[in-house]
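Numbering (the UniProt record's numbering), first residue to last: 1 to 336. Virtual Cβ for every residue (Gly too), placed ideally from N, Cα, C. Here the structure is laid out as structure tokens; the discussion comes afterwards.
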């Protein structure tokens, strides 16, 4: 399922995300069972039938990818209702008024407004943390802010990249800025930013990465952003000449001549559908037309949260991979 913009959906991550949370006012949700998952009430969510071999791709190469245009309001409410795996607190303490009033009625909830505490970016699958308790939301936001200042990552993403990073693990540092070009907001790297650049919105960003597996010219990469900036992880992997599979926004910045990759000027390279080599298309069992619709293979897999009390061990919430992501790993021979 493809994710919508957090603000558009009040961070509910309807398209392929997992809602995560616990304690008063928090709710945990997972991808619906029809997408190939089984729900658990514990903090870890496991994919159903993960040991079974996947069948042929056929005409549905992106299993679990739901499009809003194909759903009625009633069907969308049912998808959301079925995604709830944990409900703590009184039912009247939680609602999703800004998303779908029908969902609130289906769950028997009240009218208290839901807040987004943490969510991945647009087109990214994975965990979304929601809270209907302002005190809990504030405490968690303070935890995330303190962790960023201490350069201690709290989120772990999984990505499949077209290309293999030159080193197996390390950190990526880059100054980034947002530019509005042709009615699109694009993230552009800035070399040697001045103090004036920083004051005008340029931000120094940092991510840690580790290559988990490689095969067929692709890699399964674990990414941990330390800073927060739009499209940070996608741009960081482009700077490594290894764009994320399904990145139809920034992958065009990586050019190839005689098998050698290089960076094209970000300012003059317009977004376009990602072009994959014929060998990679064959391994993925995709046509060029299908590849043009390939979802972004970037998934917020793990989120670290504080314990209930100050001295408690931090808690980890895990989200299983979407079915299309798992199928890609199988096709490429990438094993976690």
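Asked                                                                                                          : Found
Which of helix, strand or coil DSSP assigns to residue 164                                                     : coil
Residues bridged to residue 178 (per DSSP)                                                                     : 187
Residue 234 versus 213, 160, 182 and 168, residue with shortest Cα-Cα distance                                 : 160
Proximity below 7 Å, CB of residue 256 to CB of residue 229                                                    : no
Boundaries of the beta strand (DSSP E) in which residue 225 is found, first to last residue                    : 218–225
Exposed unless 16 or more other CB atoms sit within 10 angstroms - verdict on residue 196                      : exposed
For residue 280, the nearest candidate out of 137, 333, 152 and 199 (CA to CA)                                 : 333
Cβ neighbour criterion (16 or more within 10 Å) applied to residue 144                                         : buried
Buried versus exposed call for residue 252 [16 or more other C-beta atoms within 10 Å across all chains shown] : buried
Same chain only: Cβ atoms within 6 Å of residue 50, ignoring 5 sequence neighbours per side                    : Residue placement at residue 50 is flagged as unreliable, the pLDDT there being 42, under the threshold of 50; the coordinate-derived value follows with that caveat. None.
Assumed close pair residue 239, residue 172 - CB separation to whole angstroms, cut-off 8 Å                    : 6 Å
Delimiting residues of the alpha helix (DSSP H) encompassing residue 135                                       : 134–149
Under the three-state DSSP convention, the category residue 309 falls into                                     : coil
7 Å Cβ cutoff met for residue 243 and residue 249                                                              : no
Rounded straight-line distance, which links the Cα of residue 320 to that of residue 296                       : 16 Å
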